[in-house]
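Novice: Following the numbering used here, the numbering of the sequence shown begins with 7 at its first residue and continues without gaps. Virtual Cβ for every residue (Gly too), placed ideally from N, Cα, C. The structure's right below; bear with me while I get my questions together.
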Amino acid sequence: MVIGEKENRWQGRRVLVTGGGGFIGSALVWELNRCGCADIVIADSAPEAERRYLRHLVFADYIEPGQALSWLTTDKLGEFDFAFHLGACSSTTETNRDYLYHNNFEFSRDLAAWAITKGTRFVYASSAATYGDGSAGMDDTNPENLDLLKPLNLYGESKHLMDLHARREGWFERVVALKYFNVFGPNEDHKGDMRSVVNKSFAQVMQTGVIRLFKSYRPEYADGGQRRDFLYVKDAVRMTLHLAENRQAAGIFNIGSGKAHTWNELARSIFSALDREPRIEYIEMPEAIRDKYQYFTEAKIEKLRSTGYTQAITPLGEAVRDYVQNYLVPGKALGEAECERGGC
């Protein structure tokens, strides 16, 4: 990866990225590199399987999350211009409430308090999971709407707790909370069951030639007709950096494409990227998640656009094609694939 191959607007800035060895975190480091930034400290407990995402990226230091708060509060790591808090347990099926409370809420709360005290621009990952079944809307313009939200799982609840705390403390006047919708793309191989359907379905096609989707249990949705807002990770990190740079931006922002697509559309995009005829089968949804399943998500992104974000969002078919052909088929990570195409 050549630092500054895109532009140098982040050159000279010092950045902390928690979860920088994971999915969106490593993609953010990749984008920071492309924007000229190398002075990046990554806080993560990523195993070797995830650290491979960083082999073709440039950063200054890598520390364990358990060290982060004590080192930050004692100034052992020095000062930071920006802190991106993307590290969390992202499992929507996690059942240990105490673990999620400590890992996703308490750590986020304490890190935000440090950043605010130090004058560090703080951006943290919330989640579209906080919107629950969507019956209370997916509006990011009015913090008072948080009281109406009822997350469907403990993961969403833990993220919601942080949003409520940030509002209560008045932090939404200075920090940015990102409600990421269904993000997919390179560097998610390690996520197991939490991988995107694109990643899982690619593996299914390679093994069986078929993509299996959940049946619908609501009459208003056909099998595979459940709709989600799918966003390519490259778009997600561009949106993230834009909001970090815009000091007037504060509070909650939806990070999505602004357009819902069906699972069937997504599946057909995967087959198209592989130049294969679609073969889709519908399977029973596990009973354990049937009453916690989001049938429809669509980000309202007018607030993001109002901050001056004018970049076009990658169309679903184009994003899937890039992901499948340039990363999944050759088995490459962000940075690694670009180097092999002559970008290093």
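Near residue 51, what residues of its chain come up, given a Cβ to Cβ distance below 7 Å and the 5 sequence neighbours on each side ignored?
Specialist: Residue mapping note: residue 51 aligns to position 45 of the sequence shown, counting from 1. 70, 71, listed in sequence order.
Novice: Taking its Cβ as the centre, do 16 or more other Cβ atoms sit within 10 Å of residue 258, making it buried, or is it exposed?
Specialist: Here residue 258 refers to the residue found at position 252 when the sequence shown is read from its first residue. Residue environment analysis places residue 258 among the buried positions, since at least 16 neighbouring C-beta atoms fall within 10 angstroms of its C-beta.
Novice: So what does residue 287 bridge to, in DSSP terms?
Specialist: Counted from its first residue, the sequence shown places residue 287 at position 281. Paired residues: 218.
Novice: Between the beta-carbon of residue 117 and the beta-carbon of residue 89, is there less than 8 Å?
Specialist: Along the sequence shown, one-based indexing puts residue 117 at 111. Along the sequence shown, one-based indexing puts residue 89 at 83. Result yes, Cβ atoms of residue 117 and residue 89 sit closer than 8 Å.
Novice: Residue 172 and residue 155 - do their beta-carbons sit closer together than 8 Å?
Specialist: In the sequence shown, the residue the question calls residue 155 occupies position 149. In the sequence shown, the residue the question calls residue 172 occupies position 166. No, Cβ-Cβ distance for residue 155 and residue 172 is not below 8 Å.
Novice: Taking its Cβ as the centre, do 16 or more other Cβ atoms sit within 10 Å of residue 333, making it buried, or is it exposed?
Specialist: Counting from 1 along the sequence shown, the entry for residue 333 is found at position 327. By the neighbour-count rule (16 or more Cβ atoms within 10 Å), residue 333 is buried.
Novice: Taking the continuous beta strand (DSSP E) assigned at residue 260, which residues delimit it?
Specialist: Residue numbering aside, residue 260 sits at position 254 when the sequence shown is read from its first letter. Where residue 260 is concerned, the enclosing beta strand (DSSP E) stretches over 257-261.
Novice: In chain order, which alpha helix (DSSP H) runs of at least 4 residues are fully inside the stretch 159-206?
Specialist: 160-174
Novice: Which residue spans inside the stretch 295-350 form an unbroken beta strand (DSSP E) run of at least 3?
Specialist: none
Novice: For residue 212, does the count of other Cβ atoms within 10 angstroms reach 16, so buried, or fall short, so exposed?
Specialist: For this step, residue 212 is matched to residue 206 along the sequence shown. Exposed is the call here.
Novice: Once the 5 residues before and after residue 331 are set aside, which same chain residues still bring their CB inside 7 Å of it?
Specialist: As a first step, residue 331 must be located in the sequence shown, where it is residue number 325. Closer than 7 Å at Cβ, skipping near neighbours: 279.
Novice: Pick out the complete alpha helix (DSSP H) segments inside the stretch 64-132, 4 residues or longer, and give them in chain order.
Specialist: 71-79, 103-106, 113-124
Novice: I'd like the list of long-range same chain contacts for residue 264, defined as Cβ closer than 6 Å, with 5 residues on each side in sequence excluded.
Specialist: By 1-based counting over the sequence shown, the position of residue 264 is 258. Closer than 6 Å at the Cβ level, and outside the excluded window around residue 264, lie 305, 307.
Novice: Could you check which residue in 273, 289, 158 has the C-alpha nearest to that of residue 282?
Specialist: Locating residue 282 in the sequence shown gives position 276, counting from the first residue. The shortest Cα separation from residue 282 among 273, 289, 158 belongs to 273.
Novice: Whole angstroms are fine: how far does the CA of residue 290 sit from the CA of residue 66?
Specialist: The residue labelled residue 66 in the question sits at position 60 within the sequence shown. The residue labelled residue 290 in the question sits at position 284 within the sequence shown. The C-alpha of residue 290 is placed about 47 Å away from the C-alpha of residue 66.
Novice: Can you tell me whether DSSP reads residue 209 as helix, strand or coil?
Specialist: Taking the sequence shown and counting its residues from 1, the one referred to as residue 209 is at position 203. DSSP places residue 209 in helix when its eight states are reduced to three.
Novice: Is it buried or exposed, residue 179, if we count other Cβ atoms within 10 angstroms and call 16 or more buried?
Specialist: Position 173 of the sequence shown, counted from the first residue, corresponds to residue 179. Looking at its Cβ environment, which holds fewer than 16 other Cβ atoms inside 10 Å, residue 179 is exposed.
Novice: Pull up the distance between the alpha-carbon of residue 64 and that of residue 222, whole angstroms please.
Specialist: On the sequence shown, residue 64 is found 58 positions in, with the first residue counted as 1. On the sequence shown, residue 222 is found 216 positions in, with the first residue counted as 1. Their backbone Cα atoms lie some 44 Å apart in a straight line.
Novice: Using the DSSP secondary-structure output, state which residues sit across from residue 46 in a beta bridge.
Specialist: In the sequence shown, the residue the question calls residue 46 occupies position 40. Paired residues: 21.
Novice: Using 8 Å for Cβ pairs, my map puts residue 162 next to residue 138. What's the rounded Cβ distance?
Specialist: As a working mapping, residue 162 is identified with position 156 in the sequence shown. As a working mapping, residue 138 is identified with position 132 in the sequence shown. Right, their Cβ atoms sit about 7 Å apart.
Novice: How about residue 75 and residue 47: are their beta carbons less than 8 Å apart?
Specialist: In the sequence shown, counting from the first residue as 1, residue 75 sits at position 69. In the sequence shown, counting from the first residue as 1, residue 47 sits at position 41. No; because the gap between Cβ atoms is not below 8 Å, this pair is not in contact.
Novice: Tell whether a beta-carbon distance below 8 Å holds between residue 94 and residue 140.
Specialist: Numbered from its first residue, the sequence shown carries residue 94 at position 88. Numbered from its first residue, the sequence shown carries residue 140 at position 134. Not closer than 8 Å, so no.
Novice: Out of 215, 220, 228, 202, which one is the CA nearest neighbour of residue 238?
Specialist: Stepping through the sequence shown from its first residue, residue 238 is reached at position 232. Nearest C-alpha to residue 238: 202.
Novice: How many angstroms separate the CA atom of residue 293 from the CA atom of residue 157?
Specialist: As a working note, residue 293 is residue 287 in the sequence shown. As a working note, residue 157 is residue 151 in the sequence shown. Rounded to the nearest angstrom, the two C-alpha atoms are 18 Å apart.
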